[in-house]
Every structure is written in C-alpha cells, then in structure tokens.
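Asks:
Number of protein chains: 4
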Amino acid sequence: MIPRYSRPEMTAIWSPETRFRIWFEIEAHATTALAEIGIVPKEAAETIWAKGRDAVFDVARIDAIEAVTKHDVIAFLTHLAEIVGPEARFVHQGMTSSDVLDTCLNVQLVRAADILIADVDALLAALKRRAFEHKLTPTIGRSHGIHAEPVTFGLKLTQAYAEFVRVRARLVAAREEVATCAISGAVGTFANIDPRVEVYVAEAMGLTPEPVSTQVIPRDRHAMFFATLGVVASSVERLAIEVRHLQRTEVLEAEEFFSEGQKGSSAMPHKRNPVLTENLTGLARMVRSFALPAMENVALWHERDISHSSVERMIGPDATVTLDFALARLTGVVDKLLIYPEQMQRNLDKLGGLVHSQRVLLALTQAGLSREDSYRLVQRNAMPVWRGEGEFLTLLKADPEVSAALPAQEIEACFDLGYHFKHVDTIFERVFGTA
Amino acid sequence: MIPRYSRPEMTAIWSPETRFRIWFEIEAHATTALAEIGIVPKEAAETIWAKGRDAVFDVARIDAIEAVTKHDVIAFLTHLAEIVGPEARFVHQGMTSSDVLDTCLNVQLVRAADILIADVDALLAALKRRAFEHKLTPTIGRSHGIHAEPVTFGLKLTQAYAEFVRVRARLVAAREEVATCAISGAVGTFANIDPRVEVYVAEAMGLTPEPVSTQVIPRDRHAMFFATLGVVASSVERLAIEVRHLQRTEVLEAEEFFSEGQKGSSAMPHKRNPVLTENLTGLARMVRSFALPAMENVALWHERDISHSSVERMIGPDATVTLDFALARLTGVVDKLLIYPEQMQRNLDKLGGLVHSQRVLLALTQAGLSREDSYRLVQRNAMPVWRGEGEFLTLLKADPEVSAALPAQEIEACFDLGYHFKHVDTIFERVFGTA
Amino acid sequence: MIPRYSRPEMTAIWSPETRFRIWFEIEAHATTALAEIGIVPKEAAETIWAKGRDAVFDVARIDAIEAVTKHDVIAFLTHLAEIVGPEARFVHQGMTSSDVLDTCLNVQLVRAADILIADVDALLAALKRRAFEHKLTPTIGRSHGIHAEPVTFGLKLTQAYAEFVRVRARLVAAREEVATCAISGAVGTFANIDPRVEVYVAEAMGLTPEPVSTQVIPRDRHAMFFATLGVVASSVERLAIEVRHLQRTEVLEAEEFFSEGQKGSSAMPHKRNPVLTENLTGLARMVRSFALPAMENVALWHERDISHSSVERMIGPDATVTLDFALARLTGVVDKLLIYPEQMQRNLDKLGGLVHSQRVLLALTQAGLSREDSYRLVQRNAMPVWRGEGEFLTLLKADPEVSAALPAQEIEACFDLGYHFKHVDTIFERVFGTA
Amino acid sequence: MIPRYSRPEMTAIWSPETRFRIWFEIEAHATTALAEIGIVPKEAAETIWAKGRDAVFDVARIDAIEAVTKHDVIAFLTHLAEIVGPEARFVHQGMTSSDVLDTCLNVQLVRAADILIADVDALLAALKRRAFEHKLTPTIGRSHGIHAEPVTFGLKLTQAYAEFVRVRARLVAAREEVATCAISGAVGTFANIDPRVEVYVAEAMGLTPEPVSTQVIPRDRHAMFFATLGVVASSVERLAIEVRHLQRTEVLEAEEFFSEGQKGSSAMPHKRNPVLTENLTGLARMVRSFALPAMENVALWHERDISHSSVERMIGPDATVTLDFALARLTGVVDKLLIYPEQMQRNLDKLGGLVHSQRVLLALTQAGLSREDSYRLVQRNAMPVWRGEGEFLTLLKADPEVSAALPAQEIEACFDLGYHFKHVDTIFERVFGTA
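Chains as they are written, first to last, in UniProt numbering: chain G, 1 to 435; chain S, 1 to 435; chain Y, 1 to 435; chain W, 1 to 435.
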C-alpha cells in the first residue's frame, strides 16, 4: 500500500483511528450484551458508550503503552480506561484479544469488500455504456495475435462486462466468507463468556457468529478472500492487456485518454504510451501475489499461532487498497477510452479478405466437397494473399476448382460482414438482458 | 500427477480415452442439434451416433495423425471419419477446435469436482463420527504452541468439520464456475453456427451455455477453480499439521494408524512417524502452487492465445488428482486415528494448574479487584509454577492478597474442568445441528 | 512432466531404473569406503560391485516389497540382497535412508543441470548466429508497445544472448548449490559411520561433502535451485513473448517456422500462429510456479520431516523436464525463425519520421534553445504527423522557428538511420567479445 | 513495508530524499562525463555540482510538478533547473528517464544488499557464539517430530550457521546481479549518448556498465535478486520454526527472551509465547511472495513496458525492509535465546533409552546376526518401551536372543552418549574452520 496507488476511502479503513473505533464498538457492544445477560451492571455499559462513543482515541498514547506492554489490545484497553474511568474494568470481561482483533479484521474486510463491489458496479456501468456505443463497430477478432474473423468492438466489451459480472459475484461470496464474528474466549469454548454475547455483537456489527472458533476465526476464510482478490486482479489484467495491445503503434484501434499537460517521454515527445494499463498489469501481479501467503496462513498451529498476523497487517491493506485503486483506474480507462473505428476498419481490410476464409471453407463443404478438398482449395488461394500477392476474393473467383463448386455470387456472399454480426443481439440479450 | 499420489477414478477423467469419448459426445450432440435445426441431414447425425457411440477411439492412431497435422482436433476428426465414413463431413460444421476442447475441459473439471465433493463428504462423515466419539474428551487447548485452556478433542474435530463444510461449499461454487459450454465458433460470434447448438450441447453435457465466449471459454472461471483448490489444500494442510503436532514424541496425544508390516525407519525400529500427514503437507504445497499459473492464464491476448493450454494440460490432472488423493488420505487418517485420552490428561496436568489462570484472573476481577491488580496477583503466583516450583492452586491459596479477595472454595472452583465444557453442546448444535 | 513436453535424455534421469542405479552406486561406494577403513571385509565390497555393477534392478519387484514395508530404501536393500547374497548385510552399515535418497536426488539434479546448461549453450549459439546475421538489419525499437527509435534486429538478439549468458551463470551456480553428498547417519552426527565414508562417496559421485547435515541435506539448497529455474523460465518467456509480438498480423516482422503439413487452425486455413512461443509462455508459468513449494520445503521440522518428499517427487522431474523441453523448443524457434527485414523497414517508416523526434529535440537544444522550447517545437510538429497529417521532416522544415534554429541540412541529418547504429559494434564487442 | 516491521537505515534507502539525491548524482556524474568528452561545457558540469551537491530537493515541489506532467523524471529535472539555473539545460543530454530510474533502483538495491549482508554477519556471529557455548550440550535429534538419536544443541546451531553462510554467499551473488548501470538512451543504442558516459557513471556509482540494455536494465537481474531474498526468507523461517518448536510447552528446551514489562496474553498471565519467531514465520511468507511478481516482471514487451514499475515501487522497499527487519529480529532471538540444558536432558531420557536402538541394531549386525534378525530383536524390545512398559536397556539384557549375541557390557556400551558426539569436532572444523 503506497500513496501513489491508494484511494482515501479504502485507506481510511486501515487507519489506526478506524481500527480503534471498531475495537471500541466491539468491546462496548459486548459489554452491553453482558449487561443484558446480567453479568455486568447496565450503568457500566451505558457509561462506556457515553464516554467512548465520541471519544477520540489517542493513537500515539496507545502506541506508547504498547511499547511497554508489547500487546496491542492491552494497550488499547489501558487507554480506554483512561477515558472511561473505573467502569472500564467491565470491558473485555471473559474475552480474549483475538475476539477483538479478529472480529475487527473481518469488519474491515467486509467494508473493503463493499467498496470493491461498488468499484465493480462503476466499472460495469462504464463497460455497458461503451459496449452499446460500439455494439456494431466492426473490428477484427484475433486468435494467437493473428487476424481471425470479424467481431464488433461492443462484443469485446460485452465479454469484459460478463467477466466483471462474475467478478462481482465472487466478491459478494468473498465478503460472505469473512463476514463472521467470534467472541468465544481464549480457546473458543465460551468458558468465560456466554455465547449470547457473540450473537449480539455479531448482529450489531453486521456479521454472523462464527459457528466454531478456536482462539481465532479460522483462516481458510481469509485465504478464500485474498485468493478471490487475486483472481479479480487477473481479470483487471486481462482488460488492461487488451487496451495495451489495441494501443500498439501498428494496431492503434484505441488509446488511453491523454491529458493535455501529460508528457509521454522525456525524450520522444510524440509518444502516447498506455501507461495506465501497463500500471494495472503490474498492480495485478501484486494483488495476485498476496493469495499465496494468505493460503499459507491457514495452517495455524493447534488453536492458533500468530504467524498470520504480520501477513495480514501487510496484505489486508495492500490487497484491498491496490485492487480498489486498480478497479477505479480501469473504470477511468474504459470510460474515457479513445476508440478509433476507422483504424479498426483499416486493420480489418489488412489481410485482403482472408478473414473470410473459414466462411469460404464452409460454403465449399456445403456445396458437396470433402472437408479435405475444401481445405486445400482455401489454403492454396489464401497463401498468395498472405504473401501480399493479390486479394482473396479475386483469386477465389479465378480458381477453376472453386468456381466449379461455387458461383461467383455465392463466393461474394462469403465476404459480407453482416453475416458475422447476426447474433450480436442474441449475445447482448444474454449478457445485458437487452440488446 | 504421479501414480504414487493418484487414485484411478480421478486419473481416468484425464486419460486420452476419456477425452476422445467426451470430444465425440460434444461433436455428436452438436451434429444432432444441427440436424434438428435442419442444417445437416438427420441421417448423418444418426449414423454418427450409431457408429461412434460404442467405437473405441485409437489413441495411437490419433497421435500419429497429430504428429503430421500438429493439430489435435483435426487429428481426432480425421480418425473419426475413418470410423464414421462419409457422413463425418457433417461433423464439426461451423465449429472451431476450442468449442470442443474447452467444453471438454469443463466436462472434465466438473466430473473432477464431483469426485472432490464426494471426497469431502467422506471426510466430513469421518470427522463427525470421531468428533462425537471424543465430544467430551478433555485435552489442552494451545495458542502459540503454549498451553492455554482446556478444550475437548471433539471440539478440535468440530472445528475441522466446520472448515470442511466450508470447503464443500467452495467446491460446489468452483464446480459451478466451470460448468459452462461454448459452441460459438472461431471468435465467439456464432457466425457459422446457430446459438441453439450451444444450448443443446450444453444441456446434453450437463452444462450451461457460456453467455459470451471469444474463441475460448474465459479463463477467469478456471483461475477461480484452481484458486479454490489451493485454498482447499490449505485446509487439508491445517488438519495434517495438527496430527503431526499431536504425534510428536513429547505430545503423543494421537497417532496415525500404524500397520503391522510397516517400518518407520531403516535405522530406528521404534519409530512411528506421521508420514501420511507429512506427505499431505507436501501435497498441499503442490496444489496451492497451481493457483498462480491458473491466474496468469486469465489474461489471454485478444480473443485468445494458447498459452493456457500447456498449463492446463499439467495442472488440470495434477491439481485434481493430487487433491483427490490428499482428501482420501486425510479421511483415512481421521478414520483410523489412534487417540490417547490418557496422554491428553497427562499433558493437561503438566502445567500444575496454570491453565486455569484466566479463570482465577476473572474471579479476582469479579471480586472487585482492578484488572491490573488481578493480573499482578495471578502472574506472581503463576511464575513459580511455570518454573516447576509448586502447584498453582496451592500457591494461590497461600497468597494472602488472593485469599483476601477469594475464599478457598471459590479458588478451587476455578479449577473445575466442567466449567470449560459447558458450551460444548451449543457448539455441536451450531455445527452439526445436533449435540 | 507430461510426454508432450518431455525429452528422453532428461526424462531418463528421473526413471526408477536410473534412481536404483544411483542408489546402488552410493551404497556400493560407501561399502568400498567402509572396507578401506576396515569396518567391513574388502571381499564383501568387491562382491557387491561384482554382482551389482551390471545387475538389472527389478522395479516391479522393488515396488512389490515396498507395498509391504512402506519404505522404499528398505525395499531396495531387500532386493539388492536377493542379487548380492549374504554380503548384502555389509551394505548400508551405519547409514540412514536419507543418506541414499538425498545424495541420489542431488546426483539427479546435477545431471539435470548439466543438460540444462548444454541446452543454454545451444540456444546461445543460435542467438549468436542470428544476431550476427541481422547485426545491422534496421527495425523499430518500441517502448510501451509504441514506436520509439531505431534499433537493429541483431541488437534485439544480442540482448537475448546477454540474458542467456546470465542464465547460464545462474544455472552453473544452481548446480553448485545442489552438488553435495551426505552420508552422515540418522541425525547427521556420524555416530555410526565414519565421516571419511562421506568424503569418499562424495568424490566418487562427483559431489562435495555437505559440511553439516541433519538427517537430510538442507533444503535451502534445493529452494535456490528451483527458484533459479523459475527465473530462467522467465527469461524463456521474455524471448517467447517477443516472438509472439513480432508475429502479430499487424507487425509480422518475424514468424515461427511453419512446416508443410502443419495446419494452423481447423477453421481458418490461412492462419500461421505462433503456437510454439505461446506454448513456451505457458511452460514458463509452470516452471516458475515450482519455486514456491520448493521454498516452503526449507523449513523442515527439527532434524527433518518428510513433507519435502512429495513436492520433490513432482517438481524434481516436472521443473527440469519442462525447462529442458522449453529451452530446446526456444532454440528451435530462434534457429529457424523467419525474419522479414522488409516488413521491419515498412514498420520503421510507418510513423512518418517521428522516430527521429528525439534527435531533433537534441539538435535544437544543442543549437541553443531551452529544453522547454525545443520540446514544444518538436511536439507541435509531431502531433500532426501522429494524426497522419504529413511527414515529420517536411513539417519541421516548414516551421519557421525550427528553421531559424537549424538549417535544412542539419534537420535532414537528424533522419539518418546510421546515426543510431554507430555503437552497434561497441555493444557486440561487449557481449560477444567481437563485433 | 509498514513501520512496525521496519528499521530506519533500510527505510531511508527508499525515501524520496534518497532517491532524488541518487538521481542528482547520476545526472551530475553524467554531465561531468559529457564535459570530459567535450559535449557540454566543463563549467556547466561544475556549476551543477556546485549548486546541487548540498542542495535539498523539495519533495513536495517535485510532486506538485509531477501532478501536472505525470512524469517523475521531468518533474525532478524541472525542479533541478530551479536550483541550478540555465546550466540545467546540459543535464540529461541524450539520456532517457530510464537511464536515471534504473541506475538509481540498482544503487538502492545494492545498498539494501549491503545492509542485508551485514545483517547476516551479525546473525552468523550470534549463531557461532551460541554454537560454541552449547557445543556439547546433549539434546535429542528428531525426525518427523519423533525422537531419533542424540545430537548437541551446538550442532543444531552449526547447521543454522552453515545455512546462513550459504545465505550470505547468495546475497553477495544477488548484489552482483543488480550492480549495473545503464546510460544508453531511449532504446539502448547510445544513439544520442557516448558509451563512455555509462562507463564513467557506473564507476562513480560503484556499479558496472550493463553490457546491453534496451531502454531499461533487463529485469531477469531483479527477478534473481528478489527470488534470492525469498529463499533467504525461507531460511529465516526454518530457524524461527525450530525455536517455536523448542518453546512448545511439552518441549520447552529453549525460549525467546521475555522482557519484564511484556504481557504474553491479555487473559493468561502465565503464558510466554514465541511471538517473535511466529512473527518471523509470517514475514518469511511475505518476502517469499514477492519472488513471483518479480519473475513476472521479466517478460517486458519489446524494448520495455512499464508494468514492472508499480511492482518494484512496492516490493523494492517491502522485500528489503521486511527481510532486514526479520534478520535483525532473528539475530536478537538467537543472541538472547534462553536455553535449558536440563530440560533437554529430561526429554532425551523420555523414551527409556529407545534413542539408542539404532546402535543396538548395528551392534547385533556386527555380532553376526542378519539385518532382518537384528531388526526383529530390536523392534520386539523397543515396542514395550514405547508403550511405557520398561526401560530399553533392561529389556535387552533380559532378552535371551540378544544376550546370546551381545554380552551385557557391550549392550551397555550402546547407551553411551559420548559415542554420538565423537565427530562433533569434525563438523565444527568443517563449518567454523576450528572446533
């Protein structure tokens, strides 16, 4: 998490201020629950809320205490006692530090997920708008980087849209994975705390109770969360790389928006580089890399060890902040993408009609030739075109074996772009529910 | 995928025989659909089914053809034509190789997921049985590898059970991710094939149509699939490491089953090593490692490149076969685990009662002492016990400050194991729906 | 490791036959050393060599024994006793299984490294030949996928050559890392075996003695080995992706060799796809992924656990076989690469002279203009060219401010390609030692 | 990189102040070289040094300029011109941004490597001191977590020492990998800058010239650097996990130093948790994870894309700062480790003498019994001991078949600890050069 690739809303989730605020809420809700059950005085709970609700927790002070105690929750509770007074002794009754830490982490991850889901919604909106805008803009479809057959630019974006619909569903599932609360004590037995406290705090914090915890919330949940983020980042990378390819000098079918003051290069003033999407490619590598340590965090020893903690202090913020930034940047790229239909047409025409070869092949087969013969005829007319020696249509019409099988009119019909787009509506219907 | 860590049912999914059989089914169903739409003669479709349904595809022959054509689907179609005769020219009409390859891969992954889900069901059954068997077997709960407070061995297994319930749900979701079919032609536009063929084949193969494909089914689906397997493997590792810890010479609370003929060591005949769970630890590392290349596979160029193919040829079998083997092995370990309640009790007693310190702390607080004072009193009596200088209960009773706050009877009550297990039923209810 | 991506020489290293042969050699050399020290009879050692030297070890028989003993080395020794007779009791004296297993693994890795180094040598030879062949073939240099300034195709290959010189050095270092032998007994103390045996066996097997082992050879060595292979794979990927870019339809500056019988696509007969280098991209992902489990293998428990074993049974063959295949395939690609200088020139000319903009910028600065003014002048003439509205040279000469600073002749001199290649010899000297 | 896991010396390397200082030095040295060659006036170079040498670069000002230009080097040069005045136009002549950025990154990595190497030296010193201190402290060697045979605690540390000697050598090699300088212009051809400038700057900055660069220094170097750090982190993890195991309640052979004010748990005051080494386990996961994105950075497109940049902005600081912190923390742990020889002896005695079983086995074999018979005899006496039914020595002496083969005295001799330590000196000689 570095400022360059951060946005304030997501960063705020991971600030010490937010963390202490969430800790307070968990502790205070737990005290309220304890008061309702009759374990601690109701007045104590009320005092804690009254004095703590709007308190500003002094991060420097807590850090100073932790420097001595080497224990963050004790440091916080000590500071809380300074604010709340003697009633503070009713706070944290029967709880263990992890009850606070783990529930807090999950609150943070849930909030982060909410932002990420909103990010995806914005991206989906941009993709949809541009997809409809270019629903029928012809462009070459490529496999292996080689021209294949015509598609539309809208279809490309539809594909991306469908992918990010899946992304959204995965983020919702990932959010569910970590939306749990544990207030179960030192080894998860509720020996010193009534399970009703957990149920109460969970509901108050927008979580569900963890069915069985040890001292900690099991880390397979978090592994699934961060693994999902890694997959999401890979989808970001895919669309970013598509833009990078489209912006290549020789292709130039689209370009990232280029602001006026921006200089592409200190040396080559004409250059307009796809730096945003190149950046996204790198950010995707980072978010992806966090999946592994998250998975290694699962196998904690016995009821828990604390090896996961340092990992989560890093990847918690890093993964969510970076992915949030990446999604927002990608949305900007899509939203303002400069799209060049004329250049798309020029590229489509580049191969002298070869992109229609499969259609000719099919027409020959349907005219009764064997698959092998059809293939041979198409290939022998395609090869000269490939070498820049003529147009495919002309050569086909001049080939006696082809002519014998297909009248000129039928050969020409194979070169109709509309033929390729007749199911665009079907696909749009499938993906957007409307065409 | 090596035979040592493979089981035949899963391995069979990835054999060339199975692959060609699935290819045939896809091609034949597509031809039937084309016949229903009226594109190819119904008799052709019938002949293809008649001659192909029980045909044995000659793997060596197909390999030989591929050695020349360097194209696997063309090689298969050529061989199919040898079997089916002239009607073979109606096969693969308007389709592209990836229609067959990608739909086949997804059929294989779905079948693999079905086996993995069944594996988890077997594991869950074993965990549940052993959990109830040891529902109230006392054992020490440990955090940081240090004795904390009592739990029951059944609770440990309940935790594992709950984790594998999540694993199961994740596998079901992963299966859904890849249960799609694409028959959409060279760049996914259905230019040469009616979308109804895709719908037909999808249903026939137990899949759903991919809403929008390019030439290929988008690889974010597969990335999610393999990432999920990596997370699942991490849960396998967790339980395996728990067993390894329990079997340590100094702990010895449980042991892997040790068959009669088995030799633990060529040099030290007394040794009984947790080799199965050590093995599972290694296998988990492997399954986890496959998540990364699967994620890197997402960003294919434009409508597709084929870089994903070599990765999938490896991790498709490797990840599923290895995880299947690991889950089955883990089930065996759980099922036959030798559990030593007496040794658990000995370990529980090891710390001279220190495991009850939190309870004493709480009792002191509830008796009106400040948190800090209570902590100080507990710690000053705990430290000698830790050094092996006395029993905790004795020292507490002899401490005047403690006695002043708590009568001897109340101190003794803090050492009651039953206190810790009073919510075991609650947890069992939560996890198993019954206690 | 799958046959499709395997070459026999490397695969043979990992066959059971080779493994048992190496085991025999280690055991037999150790017995010889023990005989020299006087621990076992010299005749015993001689008998073992005499009967074992040309023996064929029966893999199926050893597997059958292992199925009972569940211990591979004991199974082998049992079979060896069947071959050698009563003298077999002098084999493995004071040794532990890992002495054999780990030393064998290192012999295999050293042999694998030797093949990989030879692979790199072949690749270097191909790169050098093609580099000199195209030492002065002009082509556009690109940054961010955007045309930058001219380079030569030979320079591109020189860069690759220099990278693979580093690759070679890294492989030599990786080979050194694993070229050790341990014959140190059950916990590495030499309690039951004289250290001189280790020294003897090490020398006989072409290794050096491990200074201190536990029961096993420390796995940081192997982690370094496989991490190095991952880095090497990344260099393979880089060159592969360069070829894929060059073969793009719009670029087409080079192509993988296309054999006569090869079909690019079942549907589009004109297609010539860079399938070899796409394949290399995928293989690189796999080899890279093996670095992680190798690193996780380092932290074995205490004097050893066996979690590394399953990992190494997989990645030992998989990483070396796949990388060997990839390097050989890459060498073939380079060796037979179709290179199109005319198309390179066409692409060079594509931007209407903009690739010379930096030179103009520099000339203006040297003529006394400020950096900012020079930049402004270059950019205002570059932008129309970028939009396809004119040639850069023409516009510059027509710009009064530019003309005021630079006479026409000096502007024209900025467009000389030779200017860019004046240090090609220097670079070739640096990299090849000759130009 | 988070403050909690950072040390100031390493963090300083990555501050904007340091970065701009290095940029200045590179630019100023380059100008000096240009002046020596006669391209720019000597006075200009002198002025630049005179005004820049002690200048404080205003980070906020540079950031503000970059916010407009979106180009960091141009922003810096603009600010430098504000400090230097008109002579600034001679700065950066013929250079490209990457000349500055990449050379700077390598300077930073080299400095980071120097700190890491010094860290390892400190760790080695601590390991050596403690190894000699406990050279002959008996402790049980364990394989699979099961007692095997006696070792000394010094031997354990010797193993770690030897591992970190390798770590040091790897760090030195990694430092070499990145100790290069490129001043070669926009596409690495030296078109606009004399290669002698690169040579001059390289020497001035303590680097060697990159033999051939593109626009950037090739990233296989950095991949190797970060992969090495990942392997180093795995060695850190190994030693950390050893300590964690030793500190387990049931083992308790060693403990992390426990400072007075430190509280182990908010709930269980007696707890002394190995939190430092658990933390190191997590940090190792992080450092390891950075290897993957570094490897993915290698395959930049053509002469460069900028996808590596965001990755390096993160992992450059994160990997080096985290590993520096980890090494320093590990040194502290080793230095102050509480070591309990008496508990080691207690554990050694735990198995009733079974740890000597291999020696008995060997003695029986040497007394003429077959391997199989010896094994059977040892195992039948070992099994009751394992079940806690007697002492191994007593049982062996009472076994008539054993007695028949070995006189009581010889059986007893098998239980001598000194036997196991007779080669400790040899191993110390090998590793430390002195015993």
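Beta carbons: idealized from backbone N, C-alpha and C, even for Gly.
(1) For residue 186(W), which residues in the same chain have their Cβ closer than 8 angstroms to its Cβ, ignoring the five residues on either side in sequence?
(2) Given a cut-off of 8 angstroms, decide if residue 171(S) and residue 93(S) are closer than it, judged by their beta-carbon atoms.
(3) Which of the three DSSP states, helix, strand or coil, is assigned to residue 333(Y)?
(4) Could you give the first and the last residue of the continuous alpha helix (DSSP H) run that contains residue 401(W)?
(5) Check whether the stretch 328 to 335 of chain G touches the stretch 273 to 285 of chain G, taking contact to mean three or more Cβ pairs, one atom from each stretch, closer than 8 angstroms.
(6) With a threshold of 16 other CB atoms inside 10 Å of the CB of residue 257(S), please say whether the residue is buried or exposed.
(7) Between residue 56(Y) and residue 21(Y), what straight-line distance do the alpha-carbon atoms span, to the nearest angstrom?
(8) In its own chain, which residues sit with a C-beta less than 7 angstroms from the C-beta of residue 9(Y), not counting the 5 before and 5 after it?
(9) Using a beta-carbon distance below 8 angstroms, is residue 399(Y) in contact with chain S?
(10) Within the chosen definition, does the stretch 414 to 430 of chain S reach the stretch 146 to 154 of chain S through at least 3 CB pairs nearer than 8 angstroms?
(11) Which residues does DSSP pair with residue 118(G) in a beta bridge?
(12) Distance cutoff 8 angstroms, beta carbons only. Does residue 419(G) sit that close to anything in chain S?
(13) Would residue 19(W) count as contacting chain G if we go by Cβ distances under 8 angstroms?
(14) Are residue 124(Y) and residue 68(Y) close, meaning C-beta to C-beta below 8 angstroms?
(15) State yes or no: is the beta carbon of residue 297(G) nearer than 8 angstroms to at least one beta carbon in chain Y?
(16) Assuming the contact rule is C-beta atoms closer than 8 angstroms, residue 297(W) and residue 179(W) should be a hit. Round their C-beta distance to whole Å, please.
(17) Taking Cβ to Cβ, would you say residue 437(W) is nearer than 8 angstroms to residue 229(W)?
(18) With three or more C-beta pairs closer than 8 angstroms as the rule, is the stretch 239 to 255 of chain W touching the stretch 337 to 350 of chain W?
(19) Counting only C-beta atoms, is residue 340(G) closer than 8 angstroms to chain W at any point?
(20) Judging by CA-CA distance, which residue of 227(G), 388(G), 113(G) and 74(G) is the nearest neighbour of residue 176(G)?
(21) Counting only Cβ-Cβ distances shorter than 9 angstroms, please list the residues of the stretch 273 to 293 of chain G near chain Y, keeping chain order.
(22) Cβ of residue 4(W) less than 8 angstroms from any chain G Cβ?
(23) Is residue 189(W) closer than 8 angstroms to residue 155(Y) when the C-beta atoms are compared?
(24) What is the DSSP secondary structure of residue 267(S), reduced to helix, strand or coil?
(25) Between residue 52(S) and residue 83(S), which are expected to be in contact by the criterion C-beta below 8 angstroms, what is the C-beta distance as a whole number of angstroms?
(26) Find the nearest neighbour of residue 202(S) within the set 1(S), 351(S) and 26(S), judged by alpha-carbon distance.
(27) Need the endpoints of the beta strand (DSSP E) that residue 139(G) sits in, please.
(28) Which runs of the alpha helix (DSSP H) at least 4 residues long sit entirely within the stretch 10 to 96 of chain G? Give them in chain order.
(29) Put residue 100(G) into one of helix, strand or coil per three-state DSSP.
(30) Please work out which residues of its chain come closer than 8 angstroms, Cβ to Cβ, to residue 357(W), disregarding the five sequence neighbours upstream and downstream, and give them in chain order.
(31) Whether or not the stretch 41 to 52 of chain G and the stretch 209 to 225 of chain G are in contact is what I'm after, with contact meaning three or more pairs of Cβ atoms, one per stretch, closer than 8 angstroms; do they touch?
(32) Using a Cβ cut-off of 7 angstroms, which residues of the stretch 159 to 180 of chain Y contact any Cβ in chain W, in chain order?
(33) How is the beta strand (DSSP E) around residue 411(Y) delimited, first residue to last?
(34) Tell me, which residues are paired with residue 241(G) by DSSP?
(35) Quick check on the DSSP output: the beta strand (DSSP E) that includes residue 420(G) runs from which residue to which?
(36) Measuring straight from C-alpha to C-alpha, what distance separates residue 402(W) and residue 387(W)?
Replies: On the basis of the supplied data:
(1) 96, 192 and 215
(2) no
(3) helix
(4) 400 to 405
(5) yes
(6) exposed
(7) 8 angstroms
(8) 115
(9) no
(10) yes
(11) Answer is none; residue 118(G) lacks a bridge partner.
(12) yes
(13) no
(14) no
(15) no
(16) The pair is not a contact, with the Cβ atoms about 18 angstroms apart (cut-off 8 angstroms).
(17) Residue 437(W) is absent from the model: chain W starts at 1 and stops at 435.
(18) yes
(19) no
(20) 113(G)
(21) 273, 274, 275, 278 and 292
(22) yes
(23) yes
(24) Caution is warranted here: a pLDDT of 49 is assigned to residue 267(S), below 50, making its placement in the model unreliable, and the coordinate value is therefore given only provisionally. Three-state DSSP puts residue 267(S) in coil, outside helix and strand.
(25) 6 angstroms
(26) 26(S)
(27) 138 to 143
(28) 16 to 37, 42 to 52, 59 to 69 and 72 to 84
(29) helix
(30) 378, 382 and 392
(31) no
(32) 159, 162, 163, 166, 170 and 173
(33) Counting along the chain, residue 411(Y) falls outside any beta strand (DSSP E), though it belongs to the alpha helix (DSSP H) covering 408 to 413.
(34) In the DSSP output, where bridge partners are listed per residue, residue 241(G) has none listed.
(35) Not the beta strand (DSSP E): residue 420(G) falls in the alpha helix (DSSP H), residues 418 to 421.
(36) 20 angstroms
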